[in-house]
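Heads up: the sequence shown at position 45 corresponds to 230 in my numbering, and the numbers run straight through without jumps.
Down below is the structure, laid out as structure tokens.
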Amino acid sequence: MYGTQRWLERRNAERNLVRGRIPGDPRERAALRRLVAHRRHRLESHPWLFAVLVPALAVPPALWALQGLWSTALLMLVFGVVFGSWATCERRRNRSRLRFLDRALTAADTGARVHTRTTPLVLTRRTG
């Protein structure tokens, strides 16, 4: 039973993390706090690994350019720029989401208010 209970808490915490929701139950908040702390630790524990990405994406196009394979080098360079930009944006987005959830969990435990958007974000499709 204990393993199933931990699994359910982890699943609910994952859902709350994805949706950015702060649960009302203190046990669910504690599970979400553990998950946020674990994710922040994993994200910040190896900063050098992200720095290895730049040379790994820059060296192959340079070598292909030295061999005269310009089209391959250009395609790989474009891929490297797009992939590196995407990875940087995703890392920034995840750090910001985890930081917000950590502040919101602290505020929920202390009873304070978290600064949020005053008007809700509404996505509409334009027609015409």
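Glycine residues also receive a C-beta, built at the ideal position from the N, C-alpha and C atoms.
Predicted model, so just to flag it, every value in this text is computed and none were measured.
| Proximal residues to F235 (C-beta, below 8 Å), its chain only, five neighbours per side dropped | Within the sequence shown, residue 235 is the residue found at index 50, counting from 1. Same-chain partners within the cutoff: A272 and R276.
| For R278 and L193, the rounded distance between their alpha carbons | Working through the sequence shown from its first residue, we reach residue 193 at position 8. Working through the sequence shown from its first residue, we reach residue 278 at position 93. One Cα belongs to L193, the other to R278, and the distance between them is close to 26 Å.
| Would DSSP call P232 helix, strand or coil? | Position 47 of the sequence shown, counted from the start, is the residue given in the question as residue 232. Three-state result, P232: helix.
| In terms of residues, what are the limits of the alpha helix (DSSP H) holding L254? | Indexing the sequence shown from 1 puts residue 254 at position 69. From DSSP, L254 is part of no alpha helix (DSSP H); its letter is neither H nor E.
| request: Consult DSSP for D210 and reduce its assignment to one of helix, strand or coil. | output: For the purposes of this step, residue 210 is taken as residue 25 along the sequence shown, with counting starting at 1. In this structure, D210 counts as coil in the three-state DSSP scheme.
| said: For V221, which residues in the same chain have their Cβ closer than 8 Å to its Cβ, ignoring the five residues on either side in sequence? | reply: Indexing the sequence shown from 1 puts residue 221 at position 36. Within the same chain, V221 has close Cβ partners L202, L283, L286, D287 and L290.
| Contacts around A247, its chain only, beta-carbon distance under 8 Å, and the 5 residues preceding and following it disregarded | Numbered from 1 along the sequence shown, position 62 holds the residue referred to as residue 247. Spatial neighbours of A247 in its own chain (CB-CB distance under 8 Å, excluding positions within 5 residues in sequence) are listed in chain order as A258.
| task | Between the Cα of R227 and those of P240, L217, E213 and R280, spot the shortest distance and give me the residue it belongs to. | result | Position 42 of the sequence shown, counted from the start, is the residue given in the question as residue 227. Restricting attention to P240, L217, E213 and R280, the CA atom closest to the CA of R227 is found in R280.
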